[in-house]
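This report refers to the structure that appears directly beneath it.
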Amino acid sequence: MITLWHYLAVAAALFGIGLVGFLTRRNLITMFLCAELMLQGVAINFVAFARYHGNLHGQVFVLFLLAVAACEAGVALALILMLYRRGRSLDVSRWQDLRELGVPAAVDLESLPAVHAEPDPTLTPAGARPAPVAEEPARV
Amino acid sequence: MSDPVSLALTILALLLGAAVATALMSGAAALKKFAHMPIIIACGAGALLAVILVTKVAAATEPQFVYGPFTWFAAGRFTANFSLAVDPLAAIMLAMITFIATFIAVFSSGYMRDEHHQPDAGYVRYFAVMSLFVFCMCGLVLANNFLLLVGFWEGVGLCSYLLVGYYYQKPSAAAAARKAFLVTRLGDTGFLLGIMLLWKLGGWHTDLTALFDHIAKNPPPTEQLTAACLLLFCGAVGKSAQFPLYVWLPDAMEGPTPVSALIHAATMVTAGVYLVARCAPLFVLSPDAQAVVAWTGGITALLAAFIALAQTDLKRVLAYSTVSQLGFMFLALGTLGAVSPVFAVVAAMFHLFTHAFFKALLFLASGSVMHAMGGVIDMRRFGGLRSVLPTTHLTFLCGAAALAGLPLLSGFWSKDLILESLQFGAHGSHPYAGSFYLLMLVAMLTAALTAFYTFRAYFLTFWGPTVVPDEAGHHAHESPAVMTVPLVVLAIGALFVGVVAEPFTHWFSGFVGRTPSIVLAAKLTGAADVAHHFNWGIAGVSTLLAVGGVALAYMAYGAGGPERVPVPLAGVFALSRNKLYVDEAYHGVFVKPAEWLAVMARVFDLFLDSLSRVIAAVPRLVGAAVRPIQNGLVQFYALSMALGLVVFLSFVVFRR
Amino acid sequence: MTLLAVPPPSAAGQLALAAGLAAVGAFLLLPKPGLRSVAGGVAGLVAGLAVAAAWVVTTFGGPVANTVETALFGLFAAGALGFGVVLVTQRNPARGAIAFAFVILSVCGLFLLLAAPFLMAATVIIYAGAIIVTFLFVLMLSQNDGPSDENDRTREPLLGSLAGFAFVGLVLFALGQSHAGAAPLPAQAITPAEQATLRAAAADLKALEDDRFYVVPAAGGTPSPERVALLSRTEQAVEDVVGVSPRKNDGTPRDGPVADRLAARSDLHAKGVLDRVAAAREQSALAFRFAETAVNDPPRGRPAEAKAEATKLREQLLLLAGVGELPARNVANLGVLLYAHHLLAVELAGTLLLVATIGTVAIAHRRGTAA
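Chains as they are written, first to last, in the numbering used here: chain L, 1 to 140; chain W, 141 to 796; chain F, 797 to 1167.
Right, here's the structure in full:
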């Protein structure tokens, strides 16, 4: 018999996983997705309580939660874009300037293993050589 | 406001105005050479007005004019008023102060110049402080409120400090000024305590007239009144340089010589005598206080005379002589319960009066010698100056003769009155009558010593082969008229003021004896007045002593020249020359422990300093330890929030 | 085994073990240039999950075998947690976003199991449809090739995992303590037995809505004994649940077992149920009076009113039986709730969406013409 408590346990575990991800990962987008994961855990909690109480108030709250999550996603992505434009990086550790005076910046000591990206395979072009076209730079 | 009061106020206003005007002159360099004008005008006019004041007071039937009170400050039962009282005692002091100050100011205008007869660098400062001093002294004698009197008392102390330290670049002068101020300060502490005690005993009065009236009507217990009188006497001991607080006066000779003449001969040091004389109604009720006063005077007189025997510095001889003569005045004051206070106080005041003249004269004459000798005053370095400085020599001789007490000169009459009062006190029914006899013998011995050392100084300076030190240069000639005229005037006073004032006319005792506070004291004690006839015994003995001292001095020093001490007297001579090692004793007992205490206090202060610095460093250290938490990394902040949440939750969940 | 008698592990110990294993596993699995082991990480996480699942089963009650619900719950829960772990530990953020999409699908499965079909659809549309696509676009525009700081490094992996899983452990422990009776959940308003009784009574009342029930017998005939028995049986069943109204002519008024059970409770839900029970009580007295009159005393009976009252009573009984169940028409009831009870929140949410849209455009707007 799956009771309310089982659902609450699953929601707590999902929330915890989301919390671990938010605290550890440094990619801004991954951090945001982990926050959304935490929200999903909360949503499960609400719907389980709605089912238990036999009324729909919990589901209404989840509806609003969805609306807020959508707004949050929009604004967060706009901000992430701005930060990327300024810092050319999606690393949240890039932004440490609000630290106390005299505290040194946190730098990464270990170096990443260099990965030799395999060069893309090239084929001899078939057919007539096309006219050269100036490559458009990617606009971000 | 009756006439004597308005005269008194005018004198005070003139002197204060002179002080302010002279001080303002320091701004303009062109006015510097006129700096002596305001004080001479003020003192001269003041002297004239004071003489008029004396006549007016003498003519009045009720010779006490109290002006005031305007409340200075009041707190609860304590009121300090601006209250002046003009009575014969104050009037005669006023006249003496202004008269002598005028001539000393005239002398100073000639003395305070360098080799080229240009005014000294601090010329303006000198006259400004001197006029302030005369103002404070006149205020002191006129004050009718203890607090006001203390104010002027401190004022004269301050001016003495400023004038003794006139040559402040000289370390010994600065040290002497400090010593004078601090030693008199010791006495002033007792003085203030005595005032407070009297305020309590005397019905919460601080005005002298009201206080004396109250105490006369409701005499407090004798022990408390004795304590109050002794505390007041502490102030007198400090200011009038009695044992044990006399050590500042010889050092105060570092100041310019006219300063010594004015302050340390005629006026400031007599403030203590004046205080006891004014508080006669209090002292008369306390035999123990009278004994203390008399003994202090006697011991001081003998001690100072002994030290003066072997001094080499002419001014130091005169300084110790002043201390000794002040001891004489206190000897007389000590008898004011055994003898009618009228007589005792008159004796002391008369000696004060004559002493002012001849001691000021002696100091000014030594100033003239110092000026001619280029600043040298050590008697071993000059001699036989009779031919070099004739006027100075003759005036000095007049003063020395008066001091020694040669017959018919002013010192003779005043010293005799003191000996008489001691003799009568010894024959009376006073509890300390026996000691008065002993003190009379002490006084006679001191008189002999006085004659000896005075004429030792005279012979060493003016007789013998003429020796002029190198510093004199072309100075070794008689001083200009501006300096010799005051000498002559004071010499005339030294010779004649005694015989004119008292012995035949009894003008002095008649005038001063009418002072209401002294009359009140006489009423309180009931001792019979001394018959006013000439005491041949005392006169004969004192003449013998004086002539004997002079003869001994002539025998030893008549030929002038270097001093030869007979071998058996060498020890005594060394003791006298080294001032009985009193200064060294004070240094060891008081000064060194105080310095040691200061060093310990500095060490403790440094320790506290470092302690407070350590405590001040603690917030900085705590901040430095906690600051790295704020490292700007958002995830680190989130992690600390999560960890804190975990801790908090565990407390909540595992609550027992 | 007495020598090795190990005391049964306490709930705190079990959960601590689970949290520790999961934390170690997560630490090993998180991308970092140093220590990283997929096998070890997966092993740790699986072990932790197993211990935690065992604890959940022992504390909250084991799943009933061969029930579709249990199987589906297990599938969806494992899917959500598993894909969540993939999102957190995957180096490549695009793959992480895809994992997130699967998390959403699993969560929607759970929503469906909890009788929230509209939410399931809305979540799939908004999250998997809109949000994830937007994220993927941004990722593709700003992703650099090869290893990079943001993807291959983590900030405080050990402390972060410990903090997160410790938090989960504490919450589970708290849930266990609540379940153990410290604060027992409120009992059901209507027990299943009463529900069954009410549904049966409602089925029986259907007959009262039929005109044939009120057919008058031939003159001098007695009413059919089956109808009388049906009427009395049904009335008895209803009164057994909702009680007897004072308006009933014969019979002592009583409140009924439901009202007795809910009398001490003061929450709105209980009050609502009590009101409904009271209304049903009155209605039953009225409806059965009409029906009895129509059956036993045909000249005075009014069959039309009897039918109407019986219909009302049947609806009330069905609603009472359905207390504690979610309404079948999910969307309609959601709409009623939104617009009747939470209108202000709806308007505010709309405003928030508008402002967020404008804000997003304003923030991301590139000033100037330079590329």
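Ideal Cβ placement from N, Cα and C applies to all residues, glycine included.
On a predicted model such as this, the values are computed, not experimentally measured, just so you know.
- DSSP places W/Tyr207 within a strand segment (E or B) once states are collapsed to three.
- DSSP links W/Pro259 through a beta bridge to W/Arg253.
- With respect to chain F, the C-beta atom of W/Gln770 has no partner C-beta closer than 8 Å.
- By the rule that beta-carbons nearer than 8 Å mark a contact, F/Arg949 does not touch chain W.
- For W/Ala220, the three-state secondary structure derived from DSSP is strand.
- Close CB contacts of W/Gly524 within its chain, under the 8 Å cut and outside five residues either way in sequence, are with Phe602, Trp603, Gly604, Pro605, Thr606, Val607, Gly700 (chain order).
- Contact between the stretch 707-726 of chain W and the stretch 571-583 of chain W is absent: fewer than 3 CB-CB pairs across the two stretches fall below 8 Å.
- For W/Met270 and W/Gly568, the gap between their C-alpha atoms comes out near 45 Å.
- Under the 8 Å Cβ criterion, the stretch 351-369 of chain W does not count as touching the stretch 311-318 of chain W, having fewer than three qualifying pairs.
- Going by beta carbons, W/Ala411 and W/Val296 fall inside the 8 Å limit.
- Boundaries for W/Lys310: no alpha helix (DSSP H) harbours it, and the DSSP string shows neither H nor E there.
- Counting C-beta pairs with one atom in each stretch, the stretch 450-469 of chain W and the stretch 581-597 of chain W have three or more that are closer than 8 Å, which means they touch.
- For the stretch 18-31 of chain L, the set of positions with a beta-carbon nearer than 9 Å to some beta-carbon of chain W reads Leu19, Phe22, Leu23, Thr24, Arg25, Arg26, Met31 in chain order.
- Within the same chain, Cβ atoms closer than 8 Å to the Cβ of F/Val1069 are found at Ala985, Ile986, Val1054, Leu1058, Leu1116, Val1119, the five residues on either side in sequence being excluded.
- In the pairwise beta carbon analysis, the stretch 296-306 of chain W is classified as not touching the stretch 233-250 of chain W: fewer than three pairs are separated by under 8 Å.
- 8 Å or more divides the Cβ of F/Leu845 from the Cβ of L/Leu8.
- For the pair W/Cys183 and W/Ala230, the CB atoms are not nearer than the 8 Å cut-off.
- The distance from the Cβ of W/Asn358 to that of W/Gly343 is about 7 Å, consistent with a contact at the 8 Å cut-off.
- For the alpha helix (DSSP H) assignment, the uninterrupted runs of no fewer than 4 residues enclosed by the stretch 529-579 of chain W are, from N- to C-terminal side, 530-544, 550-567.
- Proximity of L/Glu100 to chain F, defined by a Cβ-Cβ separation below 8 Å, is not satisfied.
- Using beta-carbon distances, W/Ser790 counts as an interface residue toward chain F, with a partner under 8 Å.
- The criterion of a C-beta distance shorter than 8 Å is not satisfied by W/Phe490 and W/Glu611.
- A Cβ of chain L is located within less than 8 Å of the beta carbon of W/Leu773.
- The closest CA to that of W/Leu458, considering only W/Tyr697, W/Ile517, W/Ile179, W/Leu224, is found on W/Ile517.
- Judged by DSSP secondary structure, W/Lys719 falls outside any alpha helix (DSSP H); it is assigned neither H nor E.
- Put simply, the backbone Cα of W/Asp556 is about 12 Å away from that of W/Leu471.
- Under the Cβ criterion of 8 Å, L/Pro121 is not counted among the residues facing chain F.
- Linking F/Asn1045 to L/Leu56 through their CA atoms gives a straight-line distance of about 40 Å.
- By the neighbour-count criterion, in which 16 or more other beta carbons inside 10 Å mark a residue as buried, L/Ile17 falls on the buried side.
- Neighbourhood of L/Gln59 in chain F, by CB distance below 7 Å: Ala912, Leu915, Leu1130, in chain order.
- For F/Glu952, the chain W residues whose C-beta falls within less than 8 Å of its own C-beta are Gln775, Phe776, Leu779, listed in chain order.
- W/Ala406 places its beta carbon 8 Å or farther from that of W/Ala540.
- With respect to the C-alpha of W/Leu171, the residue from W/Ile658, W/Pro259, W/Val206 having the closest C-alpha is W/Pro259.
- The three-state secondary structure of L/Phe22, taken from DSSP, is helix.
- Beta-bridge analysis with DSSP links F/Val1040 to F/Arg1050.
- Counting along the chain, the unbroken alpha helix (DSSP H) around F/Thr885 starts and ends at 864-885.
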